[in-house]
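Note that the UniProt record's numbering gives residue 25 to position 25 of the sequence shown, counting from 1, and the numbers run on in steps of one.
Cβ atoms here follow ideal geometry from the backbone N, Cα and C, with glycine treated the same way.
None of these values were measured; they are calculated from a predicted model.
Single-structure report; data block below.
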Amino acid sequence: MAEEVKLGSTKPMIATQAEMVEARVPIPYRDQCAHLLIPLNLCRAAEFYLPWRCELERHGYEKCECSGSARSRRRRRRSRSNPGAPRSPSSPPPLTPKKGFHKRHREQGMRAGILSWNSVYYSVTRRKDCKLVMQSRTSL
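Here it is in structure tokens:
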């Protein structure tokens with residue numbers, strides 16, 4: 001087991017890079033929950049990806065991912081509430097779109113014929129209890 005710390009996180013990595021490479025874990029999934037993804041993928045391959053199999057492994061992995069996203073939300077909320085608080089030197093500045101970004105891109109899409117005025121857009125958000133919520137909206 002490794003005691004590496006991923007940039008921007010305080011939770012230690014449990015699976016080593018060698019274990020993740022050997023288990024062929026895709027690079028975007030090599031996070032603090034990769035140690036749960038490795039046995040989940042092995043179980044999925046052994047059970048031919050049947051959805052009712054490997055429920056315990058899948059639940060553990062999803063719970064880890066959800067708690068990780070909740071942790072990052074809390075961290076972002078704290079940093080927004082204390083804008084003058086010192087940041088760690090390795091953390092990049094927050095990315096925010098320029099003023100009028102969404103309106104400008106929507107207008108460009110309409111001119112190109114990609115979007116229309118009566119288009120309905122759906123935004124999928126994850127609530128605090130980690131359930132997906134789909135909301136329809138008519139503008140960006």
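contact_flag[the stretch 53 to 64, the stretch 11 to 30] where n(CB pairs < 8 Å) is 3 or more: no
Residue burial classification, TYR49 (beta-carbon count within 10 angstroms, cutoff 16): exposed
Span separating the alpha-carbon of PRO12 from that of CYS33: Taking the straight line joining both Cα atoms gives about 10 Å.
Alpha helix (DSSP H) segment containing ARG58, residue limits: 55 to 81
Backbone CA spacing between GLY60 and VAL25 [nearest angstrom]: 17 Å
Collapsed DSSP secondary structure at PRO28 in the structure displayed: helix
Beta-carbon spacing of ARG58, LEU40 below 8 Å: Between ARG58 and LEU40, the CB-CB gap stays under 8 Å.
Burial state of ALA46 (16 or more Cβ within 10 Å): Answer is exposed; the Cβ neighbour count stays below 16.
CB of CYS66 within 8 Å of CB of LEU36, strictly: Remark: C-beta atoms of CYS66 and LEU36 do not approach each other more closely than 8 Å.
Cβ neighbour criterion (16 or more within 10 Å) applied to ILE38: Counting of Cβ neighbours within 10 angstroms places ILE38 among the buried residues, the total reaching 16 or more.
Continuous alpha helix (DSSP H) stretch holding ALA46: start and end: Counting along the chain, ALA46 sits inside the alpha helix (DSSP H) bounded by residues 34 to 46.
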